[in-house]
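Everything on this sheet refers to the single structure shown next.
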Amino acid sequence: MYSSSKRRRIKPFARPTSFDFNAAYDIRHFQRIKYGNVASAYMPPVRTDEAYQVMEGEVLMQSQEPNVRRYGDHQMHVFSFANGLGNELGKDYTVENKKAVMGVLKYAGVAVTGFQPETDVFEQGFVVTVAGLNTLFNNGNATLYPGDIICADIPNPKDRSNQTGIPNGKLQFVVSPYSVLEAELGAPEASRFIMGTALSYSKPGDPVDVVLHKCNAIMRGITPVQCAEQVAAAVKKALEGKKSKRTAATRGATKTVN
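Sequential numbering from 8 applies to the sequence shown in the numbering used here.
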């Protein structure tokens, strides 16, 4: 009997309470990765056209590269492939390299419709969702449990997609528990990639029901006592600054009279 190790995304829900909008494909990022010199990138590049297509249900990111000119229109420009990221970082899987790659990315949402850059109309774009009940494919390496906060993440460069319909060379952005990403990046950075909350148990390679809520944040690392101490220190510094200015003004006035 024929069997395949790849799985597919099963959607038992019809995406109720969803919040969708129209986004544009990041054509500049696509051209820079596909036709540029990224052979030594942290995330291995790929040359097949199918790897750069956006597929329904994929996690989307925005590029925040400081040396790349931003778009002048009013749309969000996103992409779904991690290939070619981290140029000149080397190919070793380290936490430092991962932090560098994640530092120039921003979570954008989940694709509702697909997009093929070689044939589709760029101006038309495609639909993205950021809120509501949805079903995703657990393409990460961690088991998800109901109630887990989930985040968008980059895969291990050596991993390959186990989802049906995804080219073998494509590196998708993956779903990871917040606790895993927090341990690697720290709470403030991991909070930037929060996607939502898992509603079902899901092993790697299985679908997972989630409630997407992009506008969520978890801030840790400071106690109420530490917060009060920092506020008191800031007030004291401000008062000392005002006192120094009054003293300097008084000295200036004295010199003028003399």
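C-beta: ideal position from N, C-alpha, C; glycine also.
Residue i, DSSP secondary structure in three states
i, result
"F37", "helix"
"K113", "strand"
"Y42", "helix"
"S25", "coil"
"G248", "helix"
"A241", "helix"
"Q170", "strand"
"S209", "strand"
"A48", "coil"
"V232", "helix"
"P164", "coil"
Residues that DSSP places opposite residue i in a beta bridge
i, result
"P214", "F144"
"I157", "P184, G203"
"G139", "L219"
"Y32", "V85"
"Q179", "F88"
"L151", "S209"
Contact belief for residue i with residue j at Cβ below 8 Å, rounded distance in angstroms
i, j, result
"M62", "I173", "7 Å"
"L151", "P124", "Between P124 and L151 the Cβ distance is about 31 Å, and since that is not below 8 Å, they are no contact."
"N2", "V134", "Coverage of the chain is limited to positions 8 through 265, which leaves residue 2 absent and any answer about it impossible."
"N94", "A58", "Wrong, their Cβ atoms sit about 17 Å apart, outside the cutoff."
"T206", "P153", "Going by the sequence as given, residue 206 is Leu instead of Thr. The Cβ separation is near 6 Å, so the contact holds."
"D216", "T142", "5 Å"
"G116", "K221", "7 Å"
"V108", "G147", "Their Cβ separation, rounded to whole angstroms, is 16 Å, which puts V108 and G147 out of contact at 8 Å."
"A118", "G64", "6 Å"
"T120", "F26", "About 15 Å; that fails the 8 Å criterion."
"K100", "P164", "This sequence places Tyr at residue 100; Lys is not what is there. Yes, Y100 and P164 are in contact; Cβ-Cβ is about 6 Å, under 8 Å."
"L112", "S168", "Not really, about 19 Å apart at Cβ, beyond 8 Å."
Same chain, Cβ closer than 8 Å to residue i, five either side skipped, listed in chain order
i, result
"T24", "A138, G139, L140"
"K106", "E191, L192, E196"
"E130", "A31"
"F122", "Y32, Q60, V61, G132, F133"
"N104", "Y49, G93, L96, G97"
"Q82", "N29, A30, A31, G132"
Other residues of its chain near residue i: CB distance less than 6 Å, five sequence neighbours each side excluded
i, result
"E191", "V102"
"Y114", "A159, F200"
"L178", "M50, A89, N90, P162"
"K266", "The question about residue 266 has no answer here: the residues shown for the chain are numbered 8 through 265."
"G97", "none"
"D213", "N145"
"L92", "M50, V108"
"S87", "V61, E65, L67"
"D155", "P184, A205"
Sequence-distant residues of its chain with Cβ nearer than 7 Å to residue i (five each side left out)
i, result
"L188", "C158, D160, A197, F200"
"G176", "V53, T55, A58"
"I34", "P124, F129"
"M8", "With a pLDDT of only 44 at M8, under the threshold of 50, the placement of this residue in the model should not be trusted; the figure read from the coordinates follows. Answer for M8: no residue qualifies."
"Y78", "H84"
"I40", "P52, N90, G91"
"K244", "none"
Distance cut-off 7 Å: residue i Cβ against heavy atoms of the ligand COA
i, result
"A239", "With respect to the ligand COA, the structure offers nothing, as it holds no ligand at all."
_At 4 residues or longer, what runs of the alpha helix (DSSP H) sit wholly inside the segment 62-134?_
102-109
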